[in-house]
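When you read off a place in the sequence shown, starting at 1, and then add 12, the result is the number in this note's numbering.
Note that CB positions come from ideal geometry on N, CA and C, so glycine has one too.
Only one structure is covered here, and it is reproduced in the block below.
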Amino acid sequence: MGKQNVAESLVETLVAAGVERIYGVSGDSLNGVTDAIRRRSDIRWIHVRHEETAAFAAGADAHLTGGLAVCAGSCGPGNLHLINGLYDAHRSRVPVLAIAAHIPTREIGGGYFQETHPELLFRECSHFCELVSHPEQFQNLLDVAVQTALSRRGVAVLVLPGDIALQPAVGRPPRLQAAPAAASVRPADAELERLAALVNGARKVTILAGAGCAGAHAELMEVAGRLRAPIVHAMRGKEFIEYDNPFDVGMTGLLGFSSGYHAMTSCDALLMLGTDFPYRQFYPQDIPVAQIDLRGEQIGRRTRVDIGLVGDVKTTLAALAPRLTPKSDSRHLERSLEHYRNARKGLDELASGESGRTPIHPQFVARVVDELAADDAIFSCDVGTPTIWAARYLTMNGRRRLLGSFTHGSMANALPQAIGAQLSHPGRQVISLSGDGGLAMLLGDLLSLRQLRAPVKIVLFRNDALAFVELEMKATGFVDFATDLHNPDFAKLAEAAGLLGVTAEQPEEVRPVIQQALDHPGPALVEVRVARQELSMPPTIQLEQIKGFTLYMVRAVLSGRGDEIIDLAKTNLIR
Ligand SMILES: Cc1cc2nc3c(=O)[nH]c(=O)nc-3n(C[C@H](O)[C@H](O)[C@H](O)COP(=O)(O)OP(=O)(O)OC[C@H]3O[C@@H](n4cnc5c(N)ncnc54)[C@H](O)[C@@H]3O)c2cc1C
Ligand SMILES: Cc1ncc(C[n+]2csc(CCOP(=O)(O)OP(=O)(O)O)c2C)c(N)n1
């Protein structure tokens, strides 16, 4: 240990903590670190073209593995580029360590070449962000950074000046080898009794479930069965909740199903489980609400809560279930399921691809991807309309995974997340549902696919617009402006970058070209020319109501007038 320099000691500690990859772009101040990686066979430097890609890829890696992922940027502009991807990882609560290399210690504060203050810049998107100003500090700060990222779930940033990285390590061996196993957390018996009394006393209970239900599928089904409760999910919960679920009534929210909205507004009590569903307008008013969350600070954040319990969903539901009196009245559940079937049918009808009829419906493309993708495919979807198609047309089954920038809501997430997914899961099929605006924003990393031998499949929804924004503009009464995209031929561009590049311009071409891309052993891009304006309305709304309900709803959500939506929904939806 004594003969190592700080950079070598850093890499050794990360390997001991199970890290196999570091995503980044090299630079002078990072030379110590990249050189330490170069000399080892048990950790790989993942060279991307933009540090933002590195951070998004690390976030995806951490989301899928559940373990620590690492990214790095050189001093000043290098690590500054990480920031948007780090915000995304932090807000998605995935453990990422960012190594922000820094200018030489003797120059700090003097306005030196490339000087920034990373410990200030990254403060807001991290749980831990500290500068190593002496080798003796280093090991302790690294241990705390790793431990914080893992246990608080989020980003930790270690700011490491290039000169310190090259100094002899003077510390001790790392204290930490891996994160401690997650503890089970459950509320006290008396609190569980209060919750049981509330839901036992209600005639119609609806469950709103989110990403905190990961790993608690069986317990969730048991509780929903006893309560005869429809389960509405929030977007980040889709991959954990929708499958093998006889209580599933779809997602809620602007992109959701009317059945999800209806189930939440027509119940006598709402039970929120591991969700931070953000849109207040979609919560019911004037009925009791109970919420279970691992983090106390999350309780009551989005709506008024009558009973808030701190606990993990799995353990808490297991302790709650025996206290529930099985309900015999299934009418609320049946009605919600019926509504869901109708909503689903409406959506399925939109996903048609009739030969010769152009432009191609994007729904149809998403449906074909869903049908052809592997049972254990990993999908990522760009913020923009691809998020809508993923939410509505990708079928989850407990093995498939879905990545997006759902909380931070950043464009250009899908390709970099697909890179992290493919690198961490080399044997799996990885499909990026990309927007033409999103792909172009981090287009440089198309080049990384060949360099990294990452056989990612990109399905590009080419609509020559920032269509999601255009839709918002139209709906809110703005003249659409600044949304045109004058695009290149993306398939040719992909070919030039060493990918397979194919195009579908007719509906009948969609299936064969997607199949061709999936069968191709290397990276591929499928460019599909899709309709620019495909209104993404909740599906049971009649045409004549579109103006009166959905566009109004967009307007009301954007301006925060949720109470008016509920009135409108009562007249238009609940029939
Ligand atoms: C363009 C766009 C449109 C969108 N439209 C919609 C929409 O219409 N509908 C929609 O639902 N979303 C939509 N989203 C996503 C939305 O912004 C939120 O990210 C999403 O609703 C949150 O999902 P969640 O509650 O499952 O996850 P999170 O926000 O991650 O919340 C999970 C909660 O569970 C808690 N938790 C974690 N682990 C546990 C555990 N073991 N036990 C207990 N609690 C735990 C966490 O503390 C947290 O409070 C959209 C996003 C984009 C980009
Ligand atoms: C970094 C960033 N910039 C701007 C936005 C605002 N925004 C949200 S969706 C969107 C359009 C996305 O366009 P594209 O990727 O082409 O997908 P489309 O909606 O056209 O299918 C924009 C500009 C954002 N969310 N993130």
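Tell me the rounded alpha-carbon separation between Ile243 and Ala275.
Residue numbering aside, residue 243 sits at position 231 when the sequence shown is read from its first letter. Residue numbering aside, residue 275 sits at position 263 when the sequence shown is read from its first letter. Distance between the alpha carbons of Ile243 and Ala275 is about 8 Å.
Name, in chain order, the residues that DSSP records as bridge partners for Leu321.
Translated into the one-based positions of the sequence shown, residue 321 becomes position 309. Paired residues: Ile304.
Would Val491 be called buried (16 or more neighbouring beta carbons within 10 Å of its own) or exposed?
Looking up residue 491 in the sequence shown gives position 479. The residue is exposed, with fewer than 16 neighbouring Cβ atoms inside 10 Å.
Suppose only complete runs of 3+ residues qualify. What are the beta strand (DSSP E) ranges in the stretch 147-185, listed by chain order?
167-173
Residue ranges of each alpha helix (DSSP H) run of no fewer than 4 residues wholly in the stretch 358-404, ordered along the chain?
374-384
Asp155 to Ala81 span [Cα, whole Å]
Locating residue 155 in the sequence shown gives position 143, counting from the first residue. Locating residue 81 in the sequence shown gives position 69, counting from the first residue. Each residue's alpha carbon lies about 14 Å from the other.
Let's test the definition: count the other Cβ atoms within 10 Å of the Cβ of His129 and tell me whether it reaches 16, buried, or not, exposed.
Residue numbering aside, residue 129 sits at position 117 when the sequence shown is read from its first letter. With fewer than 16 other Cβ atoms within 10 Å, it is exposed.
Residue of Ser348, Thr287, Ile253 and His229 minimising C-alpha distance to Ser278:
If you number the sequence shown from 1, residue 278 lands on position 266. The option with the nearest alpha carbon to Ser278 is Ser348.
Is Lys592 buried or exposed, if buried means 16 or more other CB atoms sit within 10 Å of its CB?
It is not possible to answer for residue 592, since the shown part of the chain is limited to 13 through 587.
For Cys83, which beta-bridge partners are listed by DSSP?
The residue labelled residue 83 in the question sits at position 71 within the sequence shown. In the DSSP output, where bridge partners are listed per residue, Cys83 has Tyr35 and Ala110.
If we ignore side chains and look at the alpha-carbon of each, how far apart do Ala477 and Ala19 end up?
Counting from one through the sequence shown, the residue named residue 477 turns up at place 465. Counting from one through the sequence shown, the residue named residue 19 turns up at place 7. Straight-line Cα distance between these residues: approximately 45 Å.
Any heavy atom of ligand 2 nearer than 6 Å to the CB - residues listed:
Asp394, Val395, Gly396, Thr397, Pro398, Gly421, Ser422, Met423, Gly447, Asp448, Gly449, Gly450, Phe473, Asn475, Ala477, Leu478, Ala479, Phe480 and Val481
Whose C-alpha, out of Gly90, Leu266 and Asn152, is nearest the C-alpha of Gln126?
Counting from 1 along the sequence shown, the entry for residue 126 is found at position 114. Of the listed residues, the one whose Cα sits closest to Gln126 is Gly90.
For Ser21, report the span of its beta strand (DSSP E) as first-last.
Here residue 21 is taken as the residue at index 9 of the sequence shown, counted from 1. Per DSSP, Ser21 belongs to no beta strand (DSSP E); it is in the alpha helix (DSSP H), Val18 to Ala28.
Simplified DSSP assignment, three categories, for Lys469:
Translated into the one-based positions of the sequence shown, residue 469 becomes position 457. Strand, per DSSP.
Could you name the residues that DSSP lists as bridge partners for Ala281?
Locating residue 281 in the sequence shown gives position 269, where the first residue counts as 1. Note: Ala281 sits in a beta bridge opposite Val217.
In terms of residue numbering, what span does the beta strand (DSSP E) encompassing His245 cover?
Translated into the one-based positions of the sequence shown, residue 245 becomes position 233. Ile243 to His245 is the extent of the beta strand (DSSP E) around His245.
Label Asp457 either buried or exposed according to how many other C-beta atoms from any shown protein chain fall within 10 Å of its C-beta, with 16 as the threshold for buried.
For the purposes of this step, residue 457 is taken as the residue at position 445 of the sequence shown. Asp457 is buried by the Cβ-count criterion.
Taking only the alpha-carbon atoms, compute the straight-line gap between Glu131 and Ala168 and give it to the nearest angstrom.
If you number the sequence shown from 1, residue 131 lands on position 119. If you number the sequence shown from 1, residue 168 lands on position 156. So the alpha carbons of these two residues sit roughly 11 Å apart.
Among Ile372, Arg50 and His351, nearest to Val261 - alpha-carbon criterion:
Numbered from 1 along the sequence shown, position 249 holds the residue referred to as residue 261. Measuring from the Cα of Val261, the nearest candidate turns out to be His351.
Shorter than 7 Å, the distance from the beta carbon of Phe289 to the closest heavy atom of ligand 1, or not?
Here residue 289 is taken as the residue at index 277 of the sequence shown, counted from 1. True, at least one ligand heavy atom lies under 7 Å from that Cβ.
For His498, count the other beta carbons within 10 Å of its own beta carbon; 16 or more makes it buried, fewer makes it exposed. Which is it?
Translated into the one-based positions of the sequence shown, residue 498 becomes position 486. Looking at its Cβ environment, which holds fewer than 16 other Cβ atoms inside 10 Å, His498 is exposed.
Just to confirm my understanding: we take Gln528, look at its own chain, exclude 5 residues before and 5 after, and list those with CB closer than 7 Å. What are they?
Residue numbering aside, residue 528 sits at position 516 when the sequence shown is read from its first letter. For Gln528, where only same-chain residues beyond five positions count, the Cβ hits under 7 Å are Val514.
With a threshold of 16 other CB atoms inside 10 Å of the CB of Lys469, please say whether the residue is buried or exposed.
As a first step, residue 469 is located in the sequence shown; it is residue number 457 there, counting from the start. Buried, since its Cβ has 16 or more Cβ neighbours within 10 Å.
Does the count of Cβ pairs from the stretch 233-240 and the stretch 302-314 closer than 8 Å reach three?
no
Which residue from Glu539, Ala84, Asn96 and His532 puts its Cα closest to that of Gly421?
For the purposes of this step, residue 421 is identified with residue 409 of the sequence shown, where counting begins at 1. Residue Asn96 is the option with its Cα nearest to Gly421.
In the DSSP assignment, what residue or residues form a beta bridge with Ser444?
Position 432 of the sequence shown holds residue 444. Beta-bridge pairing links Ser444 to Ser392 and Ile470.
Member of Ala281, Thr287, Gly286 and Phe289 whose CA lies at the smallest distance from the CA of Gln297
Locating residue 297 in the sequence shown gives position 285, where the first residue counts as 1. Comparing Cα-Cα distances from Gln297 to each of Ala281, Thr287, Gly286 and Phe289, the minimum goes to Ala281.
Own chain partners of Leu555 with C-beta closer than 7 Å, once the 5 adjacent residues on each side are dropped:
Working through the sequence shown from its first residue, we reach residue 555 at position 543. With a pLDDT of 41 at Leu555, under the threshold of 50, the predicted position of this residue should be treated as unreliable, and no value is reported.
Tell me whether the beta-carbon of His93 lies closer than 8 Å to the beta-carbon of Glu63.
Numbered from its first residue, the sequence shown carries residue 93 at position 81. Numbered from its first residue, the sequence shown carries residue 63 at position 51. Contact: yes.
Could you give the DSSP three-state label for Phe480: helix, strand or coil?
Along the sequence shown, read from residue 1 onward, the residue named residue 480 stands at position 468. In this structure, Phe480 counts as helix in the three-state DSSP scheme.
With 16 as the cutoff for other CB atoms within 10 Å, does Asn409 come out buried or exposed?
In the sequence shown, the residue the question calls residue 409 occupies position 397. With fewer than 16 Cβ atoms within 10 Å of its Cβ, Asn409 is classed as exposed.
Flag Ala223 as yes when its Cβ comes closer than 7 Å to any non-hydrogen atom of ligand 1, and as no otherwise.
Counting from 1 along the sequence shown, the entry for residue 223 is found at position 211. Yes, the beta carbon of Ala223 sits closer than 7 Å to at least one heavy atom of ligand 1.
Are Leu285 and Val325 touching if we call contact CB-CB under 8 Å?
Position 273 of the sequence shown, counted from the start, is the residue given in the question as residue 285. Position 313 of the sequence shown, counted from the start, is the residue given in the question as residue 325. In this structure, Val325 lies closer than 8 Å to Leu285 by Cβ.
Is Val468 near ligand 1 - that is, is its Cβ less than 7 Å away from at least one heavy atom of it?
Here residue 468 is taken as the residue at index 456 of the sequence shown, counted from 1. Val468 Cβ: outside cutoff for every heavy atom of ligand 1.
Are the CB atoms of Ile319 and Leu210 nearer to each other than 8 Å?
As a first step, residue 319 is located in the sequence shown; it is residue number 307 there, counting from the start. As a first step, residue 210 is located in the sequence shown; it is residue number 198 there, counting from the start. Cβ distance < 8 Å, so Ile319 and Leu210 count as in contact.
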